[in-house]
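This report concerns only the one structure given below.
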Amino acid sequence: MKAIVPLLGVCTVLNSTLALAWERVLLDTDKAAENWQINSHDLGLRPDKPFSVRMRVLHGGRQEGVSIVDIDTGAMRISVVPTRGMNVLEAVAGDVRIGWQSPVSEVVNPAFIELNGRGGIGWLEGFNEMVTRCGYEWVGHPGVDHGVLLPLHGLAANIPASHSW
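What follows is the structure in structure tokens.
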């Protein structure tokens, strides 16, 4: 699965100026994920329209190794989770958080989720995103199809991105 964080588009929209193309690979299967950040100041763009893009890697418990990309436009911050199928964890505008309060407090690495567990609803053990991707072949309730257990909502939210920039 390829995933793109369009930094050039963010730069152009937020600054309304001609921006030079700039790109950074955030995740790649050839190297370990690392914490990283860039902002409008680093790129020498308009100081009156600040923005930033940051990638952080979580540690500890079931969230070990989860990557989160935070895109802050100055007006809104959106957190995307490449490790969980590019799901949108939350969006924050001013003091308003757009999302929901899940009983799952960690951003769980898919490696720690047994999708077929609990009769096919193991998917819920990691679900806490505002917007989640479901399945490619299946997006419904758990069920058996030709002898194969189809888990709740499919697999997409639990397939990590392998390359994103």
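So in the working numbering, spot 122 of the sequence shown is number 163, and the numbers just go up one at a time. Even glycine gets a Cβ: it sits at the ideal position worked out from N, Cα and C.
* **Stretch-stretch touch, CB-based, cutoff 8 Å, three pairs: the stretch 72-86 with the stretch 171-188** => Not touching, per the Cβ criterion.
* Asked: Ordered along the chain, which non-local residues of its own chain (more than five positions away) have a Cβ less than 6 Å from that of Pro151?
  -> Setting aside the 5 residues that flank it on each side, Pro151 is surrounded in the same chain by Asn199, each with a C-beta closer than 6 Å to its C-beta; the list follows chain order.
* Give the DSSP-derived three-state secondary structure of Cys52 in the structure shown. => With a pLDDT of only 42 at Cys52, under the threshold of 50, the placement of this residue in the model should not be trusted; the figure read from the coordinates follows. It is helical.
* Asked: Under the three-state reduction of DSSP, which class applies to Gln78: helix, strand or coil?
  -> In the three-state reduction of the DSSP assignment, Gln78 falls in the strand class, which pools E and B.
* Please report the Cβ distance between Asp113 and Phe92, rounded to the nearest whole angstrom; I am assuming they are in contact, meaning their Cβ atoms lie under 8 Å. => Yes, Asp113 and Phe92 are in contact; Cβ-Cβ is about 6 Å, under 8 Å.
* How is the beta strand (DSSP E) around Gly184 delimited, first residue to last? -> First-last of the beta strand (DSSP E) with Gly184: 184-186.
* **Pair within 8 Å by beta-carbon distance, Ile139 and Glu147** => Not in contact: Ile139 and Glu147 (Cβ atoms no closer than 8 Å).
* Asked: So is Gly184 buried or exposed if we call it buried at 16+ other beta carbons inside 10 Å?
  -> By the Cβ-count criterion, Gly184 is exposed, with fewer than 16 other Cβ atoms from all chains shown falling within 10 Å of its own Cβ.
* Whose C-alpha, out of Arg125, Pro88, Val94, is nearest the C-alpha of Val66? -> The candidate whose alpha carbon is nearest that of Val66 is Val94.
* One or two residues paired with Leu190 in a DSSP bridge -> Per DSSP, Val185.
* Asked: Where does Trp164 land, buried or exposed, given buried means 16+ other C-beta within 10 angstroms?
  -> Under this definition Trp164 is a buried residue.
* Assigned exposure category for Met117 - 16 Cβ within 10 Å defines buried -> Met117 is exposed by the Cβ-count criterion.
* Any idea if His194 is buried or exposed, counting beta-carbon neighbours within 10 angstroms, 16 or more meaning buried? -> A buried status is given to His194, since no fewer than 16 other beta-carbon atoms sit within 10 Å of its beta-carbon.
* Just curious, the alpha helix (DSSP H) that Arg159 is in, first and last residue? -> From DSSP, the alpha helix (DSSP H) with Arg159 extends over 158-161.
* To do: Determine the DSSP secondary structure at Leu130, reduced to helix, strand or coil.
  => Reduced to three states, the DSSP call for Leu130 is strand.
* DSSP state of Arg138 mapped onto helix, strand, coil -> In the three-state reduction of the DSSP assignment, Arg138 falls in the strand class.
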